[in-house]
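Numbering-wise, the sequence shown is residues 1 to 409 according to full-length UniProt numbering.
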Amino acid sequence: MQENIDINLAYEKLQASRIETKIAYAANMPEINGTAGYSRNYTSTAGIGDVLRPLLGLDQGGSYLEPKGVSYSNFNTGMFASWELDLWGRYKLMRKVADANRQAFQDDIDAVSLSFEAEICRLYFLWVNLTQMVEVEKKASDILKEVENINNVSYQRGLISQTVLLEQNNQFQKVFMKYQELDNAQQAVRRALSMLVYNRPDALSVMDQSFSPIDYTQITPAPLKIPSVLVKSRPDIRAAEQRLHAASAMVGIARADFYPRITFSGELSIDALTLTEFGWGARNTQFGPTLTLPIFEGGKIARQVELRKSELKSAGLEYKRTVLNAWKETEDALANYNMTRAQYGNAVQMAENAKISAKRVGASYRRGDESKVEFLLSQLASLDGEVELLNMQQRLMENYIRLYVVSGG
Numbered sequence: 001m002q003e004n005i006d007i008n009l010a011y012e013k014l015q016a017s018r019i020e021t022k023i024a025y026a027a028n029m030p031e032i033n034g035t036a037g038y039s040r041n042y043t044s045t046a047g048i049g050d051v052l053r054p055l056l057g058l059d060q061g062g063s064y065l066e067p068k069g070v071s072y073s074n075f076n077t078g079m080f081a082s083w084e085l086d087l088w089g090r091y092k093l094m095r096k097v098a099d100a101n102r103q104a105f106q107d108d109i110d111a112v113s114l115s116f117e118a119e120i121c122r123l124y125f126l127w128v129n130l131t132q133m134v135e136v137e138k139k140a141s142d143i144l145k146e147v148e149n150i151n152n153v154s155y156q157r158g159l160i161s162q163t164v165l166l167e168q169n170n171q172f173q174k175v176f177m178k179y180q181e182l183d184n185a186q187q188a189v190r191r192a193l194s195m196l197v198y199n200r201p202d203a204l205s206v207m208d209q210s211f212s213p214i215d216y217t218q219i220t221p222a223p224l225k226i227p228s229v230l231v232k233s234r235p236d237i238r239a240a241e242q243r244l245h246a247a248s249a250m251v252g253i254a255r256a257d258f259y260p261r262i263t264f265s266g267e268l269s270i271d272a273l274t275l276t277e278f279g280w281g282a283r284n285t286q287f288g289p290t291l292t293l294p295i296f297e298g299g300k301i302a303r304q305v306e307l308r309k310s311e312l313k314s315a316g317l318e319y320k321r322t323v324l325n326a327w328k329e330t331e332d333a334l335a336n337y338n339m340t341r342a343q344y345g346n347a348v349q350m351a352e353n354a355k356i357s358a359k360r361v362g363a364s365y366r367r368g369d370e371s372k373v374e375f376l377l378s379q380l381a382s383l384d385g386e387v388e389l390l391n392m393q394q395r396l397m398e399n400y401i402r403l404y405v406v407s408g409g
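Here's what the structure looks like:
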């Protein structure tokens, strides 16, 4: 299961959503940043004399030497801290969105895992069923081959026509071809199951094909009824519900942008022109709240709210569609299962009747009342009943697995 691409992709999405959850929880935490720097600066004094002479009462037309530019160093270090007060629950809603998305991805993994496990079960029982059908068709092929040999002798003695002989040969060829097709299908299913479970087609060998008899009446319960509350446990419904919660919270986040934000900030820094002056005496401090209020933003916030409302409506429709689809799938699967469960009992009875009939013909054959051909054909009819029962068993298991999946496991 760890090698399945769909499951690995779902796990990666879940991991990403967990990281996004941590980011959302950290968004409203206080931020503290440290700075340290050094710069070498040069300030020009060109034209400063024209400004200072009137201020100092000097003659405007006189000739004076203007001071040269000034060079100096600046050493600084400090810390800056800020924290936004969550007045309108904006960050709380962001955490709610992250939690809902994370849970939705977890539900997606549950859905993929459930489908994956169901496919393994389906392939396993199909493998068992095909293995048994191959054995039955091999027996049928052997019986028809023996009948053909008897008919060849009868034809040589003039007891049957060539038409009867050819028809019997055609019947043998059909059964033998069916045997080959089933054997090929059985090997294909074995490789598919091996690939699904072990990620390699040869992990399950032919030696693994010895199966104990399966009592399907013990595996599959009597006709069922499924309460609606059980269907709500389906992973796809849970995921759609979580995404609906996330979309609802996103509307609240968008609306919160209409309201003012209050941020508390503080700064402690040290600035000095020389290293000898660099110390506590050169400190600068700043602390206080900042109020930010949107005044004009061209309708961006209003459009953002409309967008989130549209997404909420889409999420609601998606949830409704998921629930209705689950309802339909469950009703269909339940009806198919109950019908197949009832038919399975009939198939068991028919197979048992065929065996009883074959036993009676066998007893008549041993008494000399029936020919060997009649005896062999009765055995063939009994095998046909087994084939029908095996087909019904496979349908029963597939419908039961389908019902298990659509009801949420």
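Glycine is no exception: its CB is placed at the ideal position from the N, C-alpha and C atoms.
CA nearest to the CA of residue i, picked from the options
i	options	result
residue 286	267, 299, 302 and 293	267
residue 31	186, 139 and 84	84
residue 236	324, 279 and 258	324
residue 401	378, 370, 334 and 384	334
residue 138	145, 179 and 81	179
residue 403	341, 376 and 374	341
residue 102	39, 11, 272 and 186	11
residue 288	262, 270 and 272	262
residue 28	278, 92 and 292	92
residue 306	37, 384 and 255	255
residue 279	74, 42 and 20	74
residue 172	366, 380 and 110	380
residue 339	327, 369, 398 and 304	398
residue 299	317, 25, 327 and 258	258
residue 8	303, 243 and 116	116
residue 314	251, 119, 132 and 99	251
residue 129	203, 407, 405 and 393	393
residue 23	41, 99, 38 and 72	99
residue 384	362, 164 and 358	358
residue 107	234, 367, 276 and 317	234
residue 247	309, 34 and 292	309
residue 104	169, 118, 114 and 13	13
residue 5	361, 293 and 113	113
residue 198	120, 284 and 311	120
residue 417	94, 395, 272 and 69	The structure shown does not extend to residue 417, since the chain is modelled only from 1 through 409, so no value can be given for it.
residue 395	38, 125, 238 and 39	125
Residue i, buried or exposed, once every other Cβ within 10 Å from all chains shown has been counted against 16
i	result
residue 449	Within the shown structure, residues of the chain are numbered from 1 to 409, placing residue 449 beyond reach of any answer.
residue 296	exposed
residue 194	buried
residue 96	buried
residue 241	buried
residue 337	buried
residue 487	The first residue shown for the chain is 1 and the last is 409, placing residue 487 beyond what the model contains.
residue 143	buried
residue 151	buried
residue 344	buried
residue 331	exposed
residue 411	Past the edges of the chain, shown from 1 to 409, lies residue 411, and the structure says nothing about it.
residue 36	exposed
residue 253	buried
residue 110	buried
residue 281	exposed
residue 371	exposed
residue 249	buried
residue 43	exposed
residue 162	exposed
residue 408	buried
residue 141	buried
Opposing strand residues paired with residue i [DSSP bridges]
i	result
residue 289	264
residue 283	270
Limits of the beta strand (DSSP E) - the one that residue i falls within
i	result
residue 37	31–43
Range covered by the alpha helix (DSSP H) that runs through residue i
i	result
residue 83	Not the alpha helix (DSSP H): residue 83 falls in the beta strand (DSSP E), residues 70–85.
residue 24	5–26
residue 410	Lying before the first or after the last residue shown, residue 410 is absent from the chain, which here runs from 1 to 409.
residue 259	Per DSSP, residue 259 belongs to no alpha helix (DSSP H) and is neither H nor E.
residue 276	Unbroken run through residue 276: none, as it is neither H nor E.
residue 150	90–156
residue 199	Looking at the DSSP string, residue 199 is not in any alpha helix (DSSP H), and its letter there is neither H nor E.
residue 385	372–406
Can at least three beta-carbon pairs, one atom from the segment 388–405 and one from the segment 346–354, be found at a separation below 8 Å? yes
Are at least three pairs of beta-carbons, each pair with one atom in the segment 256–275 and one in the segment 79–93, less than 8 Å apart? Here the segment 256–275 makes contact with the segment 79–93; the two share three or more CB pairs at distances below 8 Å.
I want to know whether the segment 147–164 touches the segment 86–102 - three or more CB-CB distances under 8 Å. Output reads no: the segment 86–102 does not touch the segment 147–164.
Three or more C-beta pairs under 8 Å: does that hold for the segment 182–201 against the segment 153–169? no
The segment 351–366 in contact with the segment 309–328 per 3-pair CB rule at 8 Å: no
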